[in-house]
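**Q**
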Amino acid sequence: MDERTLLDVLVAASALTMASAMPFLYSALGEVFSQLSGVFNLGVEGIMLMGAFVSIYFASDMGLDAGLLVGVLAGIVTGALLGLVMAFVSVTMHADQGISGIGITLVGRGLSTTLFILLADGVLLVESFQPIRIPLLSDLPVLGEILFNQNIMVYGALLLVPLTAWLLRRTTWGLQIRAVGQNPAAADAMGVDVVRVRYSAVILGGAMAGLAGASMPLALTNVFQVNMTAGLGFIAVAMVYFGGWSPWRVMVGSLLFSAAYNLQIWVQVLDVKLFGETIPVNILLMMPYVLAIIVLVFARDMQRFRPQAMNRPFRRGD
Amino acid sequence: MNAANLLPSGHRRIELTEMIGITKRFPGVVANDRVNFDVRAGEIHALLGENGAGKSTLMHQLGGLYVPDEGEIRLDSQPVDIRTPSEALRLGIGMIHQHFMLVPTLSVTENIALSRQGGPLLDLNSVRDELMAVSETYNLEINPDGFVWQMSLGEMKRLEIIKALFHGGSIVILDEPTAVLTPREVEDLFQTLALMRSRGHSLIFITHKLNEVQIISDRITVMRDGSVVDTLPNDDIDQSTLAHMMVGRELRLNLEKATLDAGDEKLRVRNLSVQNDYDLPALRGINLSVRAGEILGIAAVSGNGQNELAECIAGLRPATGGEVYLNGESILDKSIGDRLQAGLSYIPEERTVHGTIGTFTVAENVILQKHGTSRYRSGPFMNFGAIGEFTEDLISWFNILPRRKEALVKNLSGGNAQRVMVARELSHEPVAMVVERPTHGVDVGATEFIRELMLQKREDGVAILLISEDLDEIMALADRIAVIYEGSVVDVVDRKDAIADKLGLLMAGGVGQV
Amino acid sequence: MTNYSAPGLRALGFLFMFAVLSSAVAVGAQDPIRVAIVAPSSIRDLSWSQSIHSSLKALQEEMGGESVLHIAYSEAMSSVSAASETLRGYAEDGFDIIIAHGTQYGTSIFDMAHEFPNTSFAWGTATDTGSDRGINNVYAYQAAAEEGGYVNGVMAALLTETNVIGAIGPIPAGDVRLYISGFTRGVKSTNPDAEVLVVYVGSFSDIAAGTTNGRTLLAAGADVLTGTSQVVVGAIEAVRSAGGYWFSTQSDQGNVWPGTVVSSQVYNWVPMLRDIIERFQDGQYGGIAYKLTLANDGLRIAFGTVDISPQMLMAAGQAVEDIIDGTVVISS
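Protein chains in written order, with our numbering: chain C, 1 to 318; chain D, 319 to 832; chain H, 833 to 1164.
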């Protein structure tokens, strides 16, 4: 591949962008449910780590060898259970949500590390989901390679965006989630069971964070490593703010962030010069974050959509 | 079941609602002590009392927010057990709270749909049709697709009523519904209530405003300290009798205002422009002048720039153009502290945000602006002896309850917290005062006290800028009245030439001469 | 159905081990030497942290086990302030030798060295022992990563068919830079037409980003890749899936990826650790800056099970010899 045309580069970068954005999409969309219901779950990072470990431990032949689908399921269940813990602590016990979330992250980090070394002796590999070419569509020029030659979990993440939007907008449950995060007292007065709605949203958010964790070893890296989420969970939480609590904007944010990362890799690969000088790598690596900050500044009126009751426990009559 | 027993919505009308021997205790307080209360179909029953008299607590038990410790609630002689707001809703009891129970980010239709126990999929079209039917039956105009955050307070109140009616609303409880409304909106509300009465609803109207009670209600129940003082038909009761029942002592409702000749100009606002929190123009080059011994009332519906005006004069918000003079000296470049020193005093609207510090004691709050002056410190330390004496003086002078300088302000009632702040602001003998909605949310007793104090300061030669949405208050206190609409002064009139109705029209953006 | 019971049993084991998870540290009999390691990543990271831990374990076995050499470790200490607390904790507990296995821990070591004069500290990658400032209980160490890098590079140049070779590092600094520059020199010395594409992930732990970087290099035409630190495990998997070849460094990764990893430069800390322990027993606590090289057996080239041509094997052997005898000087 001596000649790398710009189009080739953009196609390759875009195709990889879809895969890199996948964990963000799962976890950030899950966090949309949680935050809209009024629970700010900073535990996403730890839930993802546990989801990642449990899923590969179930799926890998170095673990329980139960297959990829069981692995995905195990990741989802693990996430849902941790979501349940988060819901209990923050909704039932009225604990401070930020602190509870950090607690869950620390537990997830420690437990996944300990179990990894105890149960798997520090090495877990898996043959992950392979790309599925969608007939006809994958033959489309440019778009075919970017969108229609991915593995099933990437497709799943992308399909989850309209599904999330539909759930929130078109179902009674979605309406209730949006209401209890804005004005739980009003929802309560209208006969909405605030506690139940918040539990369901936080558990779903946890399950999706677990799924996000599972997607990393099972659909991207093929391997588990201590602390492999490396702060992605926190970026996913930021992505929810950035996207103004809208699934579509969260998708745009996830894709933008991942695209910026992938493009800077290519700038390194092609040794792109600026004013005749190689651009320092440290500057390039900052680009996705700089981009995120710039967008956040311009998107500040998104705060209008902020769930007003986020971080506030609900007690009737307060 | 014949048609006479049905409301226009098709729901059964409840002829008689009774609350019998209701007792509700909270830690350390008996909020309701063996209260009896009833309301009939086609009646507006006013529940009158000062803050903390137990009116809202009583109605929260009918609305399912609290469960009574003792006593019984009966609907048409059938005892009912109401444990949650949704049970109340199902029984046809709609509660319209003082604070809006609406979700701002949802549309009107979505807000209504929230309460409908439908299937898993939302059917917004049928909800929209039903709510439009209610809106037509009761002449309540509403845009079903508008978002609540874009609506005016009057529209939001209308939506709350539609919400109650959507579920039948056989019994509708309105908790201080007029507190946030303009005079015009109050008029509309009263028309709606009259219509609902004629259609057979039972209405309960919680308030502490005597004039409203007289205008709208059929019967009046007065509560004080958790008990019912009396229930009377609304005919030929004069306001002072009601006030006496409510407060338990004589009140002077009609303030005597001394005739004064205004002195020199003390506070002057010239071409002042200010922006709001969203960087949009809130004031568009306004001019005002207040003289010594004069109260200039600013009449405006909330959100028309009056709050920004007060904050700008006080130094909490920068001006984007123009000048403010105190005693002929420009103060816009001065710090808040320097403005205080120069004799400016500010009593803000949001007491807990700007006015007092809840977790500080009364003594600490009253000394906030003076802790640096030599009288109240010894070296770098606070002189607690002097501070204590000063605070005790203020407590007895301003009748602040409890009479303990160590009490935390957050544990004080709204009226007493207001007194702490007023006490602090008045104790340093200002040249000019900016006072924002001083009696908003304050009970009758405290209102009387605060108004008398302002008149006292006026006689002492202080220039007072009074900002209020309560036209009665402005009419009672002001010497001149400036109406502000959308950041501009629409008109300035002398009190003696002012007519309340026309002022209300101007405040609402209507054109015409006062 | 027996094949179904195995996962079931393992799942039970999962629960059981979790239930009894209470760490009891075995203590030796008569005064073993007590050595503690504080490592920035997991000791199963297949790279930097694993190399020091497995070297110490090997030495423990050689010396006679737990009763002679007691080992304690704290892993994944990515926070420098937390690591500082841990280091101090080991010193206060009376550990004899404390190894701070990261450049970032240097300040903490020098802050506490004078308070514990009878404790021997070692840190790396570093060259400063503080002896110029009168400190005599700190060792510094580094690996001449460029040497094995060069040998790997020579082989990679002979293996590539596309003439495009990829190299991945976490951040452009220290040991990483040394390795990659040595590797590039090795490639160029053998096949000047081959292109070496270098990318940095920007993280030591984000292995998903490592995968992405690996896949990007593959998309750019690379068929042979190398990389350093624990962040590359995802990239190795990407290379394995694509049927390419990988050259490793720090730890031997050939047993984990037998068909993919051609050779690994292995950091053999055993001679250095043995020397530090012997000196400790003789009453010397610091003052030496160690450097692992091919010449002093601190660096070894371990081959995997990939079939390689005799020509490649000879070229690698020649490169090792040239470096040891100084024919090839890889200045960094």
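Backbone N, C-alpha and C define an ideal beta-carbon position, used for all residues, glycine too.
Can you tell me whether residue 512/D is buried or exposed, with buried defined as 16 or more other CB within 10 angstroms of its CB?
**A** exposed
**Q** Identify the continuous beta strand (DSSP E) that holds residue 35/C and give its terminal residues.
**A** Segment 6-36 is the alpha helix (DSSP H) holding residue 35/C; no beta strand (DSSP E) there.
**Q** Tell whether a beta-carbon distance below 9 angstroms holds between residue 948/H and residue 923/H.
**A** yes
**Q** I'd like to know whether the C-beta atoms of residue 63/C and residue 211/C end up nearer to each other than 9 angstroms.
**A** no
**Q** Using 10 angstroms around the beta-carbon of residue 734/D, count the other beta-carbons present and answer buried if the total reaches 16, otherwise exposed.
**A** Residue 734/D is classed as buried because its beta carbon has at least 16 other beta carbons within 10 Å across all chains shown.
**Q** Interface residues of chain C around residue 1045/H at Cβ under 8 angstroms?
**A** 265
**Q** Would you say residue 337/D reaches chain C, if we count a Cβ-Cβ gap shorter than 9 angstroms as a contact?
**A** No, its Cβ sits nowhere closer than 9 angstroms to a Cβ of chain C.
**Q** Have a look at residue 821/D and residue 502/D and give me their C-alpha separation to the nearest angstrom.
**A** 10 angstroms
**Q** Between residue 622/D and residue 807/D, what straight-line distance do the alpha-carbon atoms span, to the nearest angstrom?
**A** 10 angstroms
**Q** Can you list the residues of chain D that residue 305/C reaches, using a CB-CB cut of under 9 angstroms?
**A** Neighbours of residue 305/C on chain D, chain order: 423.
**Q** Can a CB atom of chain D be found closer than 9 angstroms to the CB of residue 175/C?
**A** Interface annotation, residue 175/C: in contact with chain D, CB-CB separation under 9 angstroms.
**Q** Would you check if the distance between the CB atom of residue 466/D and the CB atom of residue 407/D is smaller than 9 angstroms?
**A** Contact flag unset, no.
**Q** Given that a residue counts as buried once 16 or more other Cβ atoms are within 10 Å of its Cβ, and exposed if not, what is residue 267/C?
**A** buried
**Q** Among 67/C, 237/C, 265/C and 82/C, which has the Cα closest to the Cα of residue 254/C?
**A** 237/C
**Q** Measuring only from the beta carbon, is residue 515/D closer than 8 angstroms to any heavy atom that is part of the ligand SAH?
**A** For the structure depicted, the ligand SAH is absent and the ligand set is empty, with no information on it obtainable.
**Q** Determine the extent of the beta strand (DSSP E) in which residue 640/D is found, giving its start and end residues.
**A** 637-644
**Q** Of all the beta strand (DSSP E) runs that stay within the bounds of the region 907-945 of chain H, which reach a length of 3 or more residues?
**A** 929-932
**Q** Scan the region 1006-1087 of chain H and note each continuous beta strand (DSSP E) run of 3 residues or more that stays entirely inside, going in chain order.
**A** 1027-1032, 1056-1059 and 1077-1082
**Q** Could you give the C-beta distance for residue 197/C and residue 32/C, rounded to a whole number, given that I count them as a contact under 8 angstroms?
**A** Rounded, the Cβ-Cβ distance is 14 angstroms, inconsistent with contact.
**Q** Are the C-beta of residue 435/D and some C-beta of chain C separated by less than 9 angstroms?
**A** yes
**Q** Kindly indicate which three-state DSSP category residue 820/D falls into: helix, strand or coil?
**A** helix
**Q** Under a CB-based cut-off of 9 angstroms, is residue 35/C close to chain H?
**A** no
**Q** Are the region 1073-1091 of chain H and the region 1132-1152 of chain H touching, with three or more C-beta to C-beta distances below 8 angstroms?
**A** yes
**Q** Sorted by chain position, which residues of the same chain lie with C-beta nearer than 8 angstroms to residue 11/C's C-beta, five sequence neighbours on each side aside?
**A** Correct list, in chain order: 142, 145 and 146.
**Q** If contact means a Cβ-Cβ distance below 9 angstroms, which residues of the region 94-118 of chain C contact chain H?
**A** 109, 111, 113, 114, 115, 116, 117 and 118
**Q** How about residue 178/C: is its C-beta nearer than 9 angstroms to some C-beta of chain D?
**A** Yes, its Cβ sits closer than 9 angstroms to a Cβ of chain D.
**Q** DSSP three-state label for residue 303/C, please.
**A** helix
**Q** With a threshold of 9 angstroms between beta carbons, is residue 78/C in contact with chain H?
**A** For residue 78/C, the answer is no, since every Cβ of chain H falls outside 9 angstroms of its Cβ.
**Q** Using a threshold of 9 angstroms, state whether the C-beta atoms of residue 1066/H and residue 225/C are closer than that.
**A** yes
**Q** Could you give the uninterrupted runs of the beta strand (DSSP E) lying entirely in the region 537-617 of chain D, keeping only those of 3 residues or more?
**A** 537-542, 545-551, 583-593, 599-609 and 613-617
**Q** Kindly list, in the order they appear in chain D, the residues whose Cβ is closer than 8 angstroms to that of residue 187/C.
**A** 421 and 432
**Q** Does the distance from the CB of residue 988/H to the CB of residue 974/H come in under 9 angstroms?
**A** no
**Q** Quick check on residue 938/H: buried or exposed, where buried means 16 or more other Cβ atoms within 10 Å of its Cβ?
**A** buried
**Q** With 16 other CB atoms within 10 Å as the buried threshold, where does residue 589/D fall?
**A** exposed
**Q** Taking contact to mean at least 3 C-beta pairs separated by less than 8 angstroms, is the region 320-335 of chain D in contact with the region 356-364 of chain D?
**A** yes
**Q** Ignore the nearest five residues each way along the sequence and tell me which others in residue 600/D's own chain have a CB closer than 7 angstroms to its CB.
**A** Cβ neighbours of residue 600/D beyond the five flanking positions: 592, 593, 594, 623, 626 and 805.
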